[in-house]
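Engineer: Sequential numbering from 1 applies to the sequence shown in full-length UniProt numbering. For every residue, glycine included, the Cβ atom is placed at its ideal position computed from N, Cα and C. One structure coming up, written as structure tokens, with questions to follow.
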Amino acid sequence: MTISYAWRGEFTDPELAGVESAARDWWARLNAHSLGWVCARDPDGALVGFVNVAWDGGEHAFVLDTWTDPSRRRAGIGTALVAAAREGARAAGCAWLHVDFEPHLRAYYFDACGFTPTDAGVIPL
Numbered sequence: 001m002t003i004s005y006a007w008r009g010e011f012t013d014p015e016l017a018g019v020e021s022a023a024r025d026w027w028a029r030l031n032a033h034s035l036g037w038v039c040a041r042d043p044d045g046a047l048v049g050f051v052n053v054a055w056d057g058g059e060h061a062f063v064l065d066t067w068t069d070p071s072r073r074r075a076g077i078g079t080a081l082v083a084a085a086r087e088g089a090r091a092a093g094c095a096w097l098h099v100d101f102e103p104h105l106r107a108y109y110f111d112a113c114g115f116t117p118t119d120a121g122v123i124p125l
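What follows is the structure, encoded as structure tokens:
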């Protein structure tokens, strides 16, 4: 089955209901704060994956809200989404792509997606 990937692809809020973010009105949020996003669709047009690429307005982009339809996981869709996000950020002139994740996703982001560990810090608010 061929999956298509679209940088800044169209979507509806109901299609993103499975994404673990508390966001509503995704279109307004992404257009206000994101460099871009990638939508993955199956041949029937169903949204099967999504990733948001926020940025600082300069050289740094950030992967957020990576999501693959639960019935399609472990098929390479998420990895392809992150690869498309990397290319979109590179084409926009970014020099760095960052990601934060929970410990159980370490192998996915480091091994499958090619991120490298760095020193970083966070303050919970």
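Kindly give me the distance between the Cβ atoms of Glu59 and Ala83, rounded to whole angstroms, as I take these residues to be in contact under 8 Å.
Structural biologist: Within the sequence shown, numbered from 1, the residue matching residue 59 stands at position 59. Within the sequence shown, numbered from 1, the residue matching residue 83 stands at position 83. Not quite, the Cβ-Cβ distance comes to about 19 Å (not below 8 Å), so this is no contact.
Engineer: How is the beta strand (DSSP E) around Gly49 delimited, first residue to last?
Structural biologist: Reading the sequence shown from its first residue, position 49 is the one you call residue 49. That run of the beta strand (DSSP E) goes Leu47 to Trp55.
Engineer: How about residue 131 and Ser4: do their beta carbons lie closer than 8 Å?
Structural biologist: Since the first residue of the chain shown is 1 and the last is 125, residue 131 is not available in this structure.
Engineer: With distances taken Cα to Cα, identify the nearest neighbour of Glu61 among Arg24, Val48, Asn52 and Cys113.
Structural biologist: The residue you call residue 61 lines up with position 61 of the sequence shown. Checking the sequence shown, residue 61 turns out to be Ala, not Glu. Closest by alpha carbon: Asn52.
Engineer: Can the beta-carbon of Val99 be found less than 8 Å from the beta-carbon of Tyr109?
Structural biologist: Walking along the sequence shown from the start, residue 99 turns up at place 99. Walking along the sequence shown from the start, residue 109 turns up at place 109. In contact: Val99 and Tyr109 (Cβ atoms closer than 8 Å).
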